[in-house]
Amino acid sequence: MYTRWGRDLEDPPLDDYPRPQLRRAGWLNLNGAWSYAVTPRTSPQPDQWQGTIRVPFCIESALSGVGRRVTPQERLWYRRSIKLTEEPQIRRLLHFGAVDYECALWINGALVGAHKGGFDPFSFDINDYVVAGENEIVLGVVDATNRGDQMRGKQHLNPQRIWYTPVTGIWQTVWLEEVPLDAHIDEVKIETAPDCDAIDIAVFLYRPSRDPTLAALVEITLDNKRVHQRVIPLERRVRIEIDDPQLWSPDTPTLYDVEVSLLRIENPMPEDNEDRRPAQLLRRLPLRGESESARYADVEVGDEEPLDKVATYFGLRTVSIDAHSDGGHPSLFLNGKPIFHLGPLDQGWWPDGLHTPPADGAIIYEIEFLKQAGFNTLRKHIKVEPARYYYHCDRLGILVWQDVPSGFLPAQFVAPNDEGEGLRNQTSTEQFEAELQRIVNRLRQFPSIVMWVLHNEGWGQFDTARLVERLRSLHPGVLINANSGWLDVGAGDVIDRHDYDPSPQLPTPDGKRALVIGEYGGVGWPIAGHLWNAEMENWGYQTLEDDGQARLAYEKVTSVIVEHAGQGLAGAIYTQTTDVEGEVNGLLTYDREIEKFSRAWLAELHAPLTRSKG
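Going by my numbering, the letters in the sequence shown line up with residues 115 to 728, in that order.
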């Protein structure tokens, strides 16, 4: 089964710059044709290659051009060559958007490094490994899927019902970037001040420098009009006030553009950098009554070319739990106002690309459909998307509940009637937390992400209270859903119930946390000609036969949610955006060709929810 975007795939595929929060003008897309081989896990690099695979689509997918499974006892190999020129003042970085699950990289036969984790981006400095002329890149990948305790989400070696086809290997864009050899920008960290009237910004170099003549010029624009320009020191948190701040929301998804240039400037504090001062004290001492950042702000900027330049953006918004003026129940607030979070459970699977959206246009189509159908939220279900997905959520204006991908062995399942949470050994705990930290750090600057869902149902739930606080430290200023739909241990900001009854019930309140129904509905309606496999069991939580029955079922369950909204319910997540493999409870068919319910009809049904909560 193919989507319209998969049928019209461009070459190279996914040719948009893959990292919206740190964009450079120059880059080389390495998506497209690579050689591949599958060998026993214990075998060395292959001498013979078995064919061609289209990167970045996983080997199991149709769009890869291969469409075969890789077992935990096998290793998947990739190979391609790139031709480079000699550039002595350039550093070359090789970026991978995501590889599932554990990989190692060789350049020209030399081991460069390794990575473990299926949902986070990573990079290698390959400067010492490449030469002028042809260069061979080889990547080896192993993936235990559900035979291990790794983060994997819905992947299963025996896919059926709610479990889907495994994803092995490269599944996000691979690209090469050339940056200045000695100093280049590695990260721009932006946090919104509590009152949304300022940002705190810090600019980090690839290698930290104490050179006071290196600085960053920050230019902030809104609708192509300059809002602020300032020179700031590197590796320092600097507050920049925003006049007349325009807040981000689903109705007004305002984004400020930021350009950061790395400059060579005159020393702004020569009296504090005399050679009799130890180097480790430079830029640390009091500056005659002026702050360091104030000295840099007074620097005159000339016409010299910057050493490096990147672009990013931010949105100003706050999220919180507060008492609703109508009834006093705890509610979800955005920018100081109550807002009912209404959205679908969004699995993020594609019939032709599996984990990988076939094009930017495919992402945009889905988000626009949801917005026009009257949803203001989506719950990204135990999967992390490519960064461009969140960029479009930011740009188009939709709130995101971001699940942490679940993992651990099937035996580590927490049922509602268990005495307590499961226990994890040290190795799996450390790996889970390492991946959690990397995922959160890569996503924390997208303003659309307003809630983290730590544990889904009982799938590997452990140490919930401690991990909630860990999440808060990693991403302050957003909400935490500790346990969506299962064993509630009293942690987090919401009480979340899953209920697929035609008349779902409210969670039991505690007077402190907001009440949400994290999964409901599941109105299944199989449509002939648009099924993943007509011979398999195609099911929904409520499987119906035609349009009339499906509409009645959707109307009924929506009316119950509207009633609960007047009784303290703060948010609800309908299952689900699309059909996925054997699940047919989507608002769209799996190929995205049929809207089972028109967006206009849905918007009319949903209007009482979004209107009633502001």
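Just so you know, even glycine gets a beta-carbon here, dropped at the ideal spot from N, CA and C.
| Asked | Found |
| --- | --- |
| Cα-Cα separation between L123 and K485, rounded to whole angstroms | 26 Å |
| Rounded Cβ spacing between A212 and Q264 (contact assumed at less than 8 Å) | That pair is no contact at about 13 Å. |
| C-beta atoms of I284 and V169 nearer than 8 Å | yes |
| Those residues which DSSP pairs with D436 across a bridge | S445 |
| Cβ-based neighbour list, P134, same chain, cut-off 7 Å, excluding 5 preceding and 5 following | A501, R502, Y505 |
| 7 Å CB neighbourhood of A246 in its chain, flanking five on each side removed | L198, T199, E200 |
| Contacting residues, own chain, Cβ-Cβ under 7 Å from A224 (five flanking each side not counted) | Y243 |
| Pick from A297, S175, H589 that is closest to Q203, judged by C-alpha positions | A297 |
| Residue of L144, F233, V152 minimising C-alpha distance to L207 | L144 |
| Residue burial classification, K670 (beta-carbon count within 10 angstroms, cutoff 16) | exposed |
| Residue of R275, W646, E301 minimising C-alpha distance to P322 | E301 |
| Beta-carbon proximity check, G120 vs D466, cutoff 8 Å | yes |
| Reduced DSSP category for C507 - H, G, I as helix; E, B as strand; rest coil | helix |
| Inter-residue spacing [alpha-carbon to alpha-carbon] between I636 and A312 | Checking the sequence, you will find Gly at residue 636 rather than Ile. Computed Cα separation, rounded: 42 Å. |
| CA-to-CA distance, V317 to V352, given in whole angstroms | 9 Å |
| Residue burial classification, R275 (beta-carbon count within 10 angstroms, cutoff 16) | exposed |
| Counterpart residues of R194 in DSSP-defined beta bridges | I251 |
| Pairwise C-alpha distance: R611 and L658 | 24 Å |
| Reference E216; option with closest CA among D234, L593, W600 | D234 |
| For G254 and E355, the rounded distance between their alpha carbons | 48 Å |
| Identified DSSP bridge partners for R205 | V293 |
| Residue range of the alpha helix (DSSP H) that includes D661 | 661-679 |
| Y243 in three-state terms, based on DSSP | coil |
| C-beta contact flag for I631 and P618 at 8 Å | yes |
| Close beta carbons around L295, own chain, < 7 Å, minus the five adjacent residues each side | Q203, I204, R205 |
| CB contact flag (Y370, I346, <8 Å) | no |
| Backbone secondary structure at E544 - three-state DSSP | helix |
| For L739, the nearest candidate out of R138, L537, I708 (CA to CA) | Residue 739 lies beyond the residue range present for the chain, which begins at 115 and ends at 728; the question has no answer from this structure. |
| Euclidean distance between Cα positions of P367 and V518 | 25 Å |
| Inter-residue Cα distance where the pair is L395 and R584 | Note that L395 scores 49 on pLDDT, short of 50, meaning its location in the model is unreliable and no value can be drawn from it. |
| R189 burial status per 10 Å Cβ neighbour count (16 or more: buried) | buried |
| Close-in-space but distant-in-sequence residues of the same chain around E707 (CB under 7 Å, 5 per side omitted) | H644 |
| Contact check, R182 vs W148, beta carbons under 8 Å | no |
| Where Q656 sits in the DSSP three-state scheme | strand |
| Coil, strand or helix - T622 by DSSP | coil |
| Same chain only: Cβ atoms within 6 Å of D129, ignoring 5 sequence neighbours per side | N143 |
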